[in-house]
Structure formats: C-alpha cells, structure tokens
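Student: Sharing a structure, written as structure tokens. Questions coming.
In this note's numbering, the protein residues as written are 108 to 376.
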C-alpha cells in the first residue's frame, strides 16, 4: 500500500512540474516561430527562425537598455547588501530602546504591496529632481526582506564571538565586516539573488520614473518594442525570453548556496 501511495505522489509531483515548465517551453519554442496565432503549437525545424532575435539585437539601443538593467541590478544588489547588513546587525546584536518595535515596523512593510506606495514614492523622487536618473531606479530597491534574512542569519552566530571581539576592543563595524559577514555568506548571497531578480524584472517603477528613451531598462524597452509588432506572437515571446534568461541563469549558478541561505535564515518550512 505504501508503494502505491509513493507512486501516486510521484505522478502528482511530475504533473505539477510539467504544469510549471510548460509555459516556459511554450515561450522558448514560440520565440523561434513567426506566427499571428498564439495557439499555433505546430513546431518543425523548417519553421524555426532567428529572425525575431535579429530584429531585437539589430536595434543599437538594445545595448543601452541592457546596460541600464545590468547597472541598476548590480548597484541595487550592492546597496541592498550594505543596508541589509547594517540594519540586520543592529536589530540582531545591538541593544537599543525600541529595537523590537522598529524591527516589527520594518517587517510589516513586507506586507504592503508596492503599488500602494507608488504615488508617494514618485512624489518624493520628483521633489528631489531625480526623474530620469539612475538614483530613482536604484535607491528604492533595498527591501525589508533583506534585513529580515540577514538578521535571522546573524542571530544564529554565537554571541560569544561578538563578546570576545568587544572585549578585545573591536568596534561594531569592524566586528560586522571582519567576523560576522564571512560567517553568513550564504544568507548574503540569498539576499543578493532576491535583489538582482527583483531589480532586473522591475517594470512598473522604471516605467513611471523614466520618460527618456536612453534611461529605460530592458523589460520596459522590450515591452515598448513588442507593442510595435504586437501581431507577431513569436517576437513577443523572443522579448520575454531575453527578459527571463539573465535572472534564471544567475539562480542556476547560485542554486546550492541560495538554498543554504534560505535554510540559514529560517525561511524554509
């Protein structure tokens, strides 16, 4: 009986995996077809073409869009790691009045939809004259999730290590950089992956704060591009593939450390 249930569970899991993978396979194969019908599922080697990718990369501004996305994503990761490390250490190991209360407030921001504060954020950015600048794209990227993950990882570091460093006269920043961060590399990597994927895939906010073509990021620019050829499903799928691949490759390369960081932060289960 146990073997039967195991077989049923395996079949159910395979079906779930298939359901999850099918949209990506559809996107990939359709990107090599030129068709007006989204339900044209007939594929043959003779119909496959790279014309859509030639169309996209044939535009010189695509390189600029790619650079914008890469620059914003990398800077967003660095800023997120710095702010998350400093705040996470403060909430985990520094005793100050209102520590738990402020951490609760920070945590609660994770439950606020980003769309709910778009107007307020835009008002602030416009008041600081940062529309159509990288500052407007990068500064809002750090999130409470990074602070939460780093704090949980630091709590797992024995307090004796920190106390002994304090007795030896080490300053808090030195303790954090030289002793704590090397012990929580997996958690930092997890935060970095989350930040990179979030920055790369961000669409609504870059769409709002970039009105100049040269400041657009790749998702916004490719969406604009595909609306010019919205009758060709293949081109739309090619745009989707180009937007999807970079964060997917980053995750594949860092998968093992990502899972280790999730477990270390206490988010697993």
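All C-beta atoms, glycine included, are put in the ideal place defined by N, C-alpha and C. None of these values were measured; they are calculated from a predicted model.
If you check the beta carbons only, do residue 189 and residue 241 fall under 8 Å apart?
Tutor: Not in contact: residue 189 and residue 241 (Cβ atoms no closer than 8 Å).
Student: For residue 194 and residue 361, I'd like the C-alpha separation in whole angstroms.
Tutor: Approximately 24 Å, taken between the alpha carbons.
Student: Are the CB atoms of residue 301 and residue 252 within a distance shorter than 8 Å?
Tutor: Yes, these two residues count as a Cβ contact at 8 Å.
Student: Would residue 219 and residue 254 be called neighbours here (beta carbons separated by less than 8 Å)?
Tutor: Going by C-beta atoms, residue 219 is not nearer than 8 Å to residue 254.
Student: What separation, rounded to the nearest whole angstrom, lies between the Cα atoms of residue 202 and residue 259?
Tutor: Taking the straight line from one Cα to the other gives about 16 Å.
Student: DSSP three-state call for residue 221: helix, strand or coil?
Tutor: Residue 221: helix per DSSP, three-state reduction.
Student: Counting Cβ pairs closer than 8 Å, one from the segment 264-282 and one from the segment 142-159, do we hit at least three?
Tutor: Cβ pair count under 8 Å is below three, so no.
Student: Quick test of the definition: if touching needs 3 or more C-beta pairs under 8 Å, does the segment 348-357 touch the segment 305-321?
Tutor: The answer is yes - the segment 305-321 touches the segment 348-357, with three or more Cβ pairs under 8 Å.
Student: Can you check whether the CB of residue 249 is closer than 8 Å to the CB of residue 187?
Tutor: Result yes, Cβ atoms of residue 187 and residue 249 sit closer than 8 Å.
Student: State the Cα-Cα distance for the pair residue 316 and residue 167, rounded to the nearest angstrom.
Tutor: Straight-line Cα distance between these residues: approximately 23 Å.
Student: Pairing CB atoms from the segment 316-325 with CB atoms from the segment 112-121, are three or more of them under 8 Å?
Tutor: At 8 Å Cβ cutoff, the stretches do not touch.
Student: Please report the residue range of the alpha helix (DSSP H) in which residue 191 lies.
Tutor: Per DSSP, residue 191 belongs to the alpha helix (DSSP H) from 168-200.
Student: Whole angstroms are fine: how far does the CA of residue 229 sit from the CA of residue 236?
Tutor: Distance between the alpha carbons of residue 236 and residue 229: 10 Å.
Student: Evaluate residue 376 with the Cβ neighbour count: other Cβ atoms within 10 Å of its Cβ, from every protein chain shown; 16 or more gives buried, anything less gives exposed.
Tutor: Since pLDDT at residue 376 reaches only 42, below the 50 mark, its modelled position is unreliable, and no value is offered.
Student: Quick check on residue 109: buried or exposed, where buried means 16 or more other Cβ atoms within 10 Å of its Cβ?
Tutor: It is exposed - the Cβ of residue 109 has fewer than 16 other Cβ atoms within 10 Å.
Student: Rounded to a whole number of angstroms, what is the C-alpha to C-alpha distance between residue 243 and residue 234?
Tutor: Answer to the nearest angstrom: the Cα atoms are 11 Å apart.
Student: Within this structure, are the beta carbons of residue 348 and residue 138 separated by less than 8 Å?
Tutor: For residue 348 and residue 138, yes; Cβs fall inside 8 Å.
Student: Considering only the beta carbon of each residue, do residue 345 and residue 169 sit closer than 8 Å?
Tutor: Cβ atoms of residue 345 and residue 169: not closer than 8 Å.
Student: By the DSSP assignment, the alpha helix (DSSP H) with residue 321 in it spans what residues?
Tutor: Taken as a continuous stretch (DSSP letters only), residue 321 belongs to no alpha helix (DSSP H), as it is neither H nor E.
Student: Do you know offhand how far residue 210's Cα is from residue 197's?
Tutor: One C-alpha to the other measures close to 10 Å.
Student: Need the endpoints of the alpha helix (DSSP H) that residue 357 sits in, please.
Tutor: Where residue 357 is concerned, the enclosing alpha helix (DSSP H) stretches over 340-360.
Student: Straight-line CA distance for residue 174 to residue 224?
Tutor: Each residue's alpha carbon lies about 27 Å from the other.
Student: Under the criterion of a Cβ to heavy atom distance below 7 Å, does residue 347 qualify as lining the ligand ATP?
Tutor: What this structure holds is no ligand at all, so the ligand ATP is not there to describe.
Student: Indicate the three-state DSSP secondary structure (helix, strand or coil) for residue 292 in the structure shown.
Tutor: Residue 292: helix per DSSP, three-state reduction.
Student: Between residue 191 and residue 257, how many whole angstroms is the CB-CB distance? I'm expecting something under 8 Å.
Tutor: That pair is a contact at about 5 Å.
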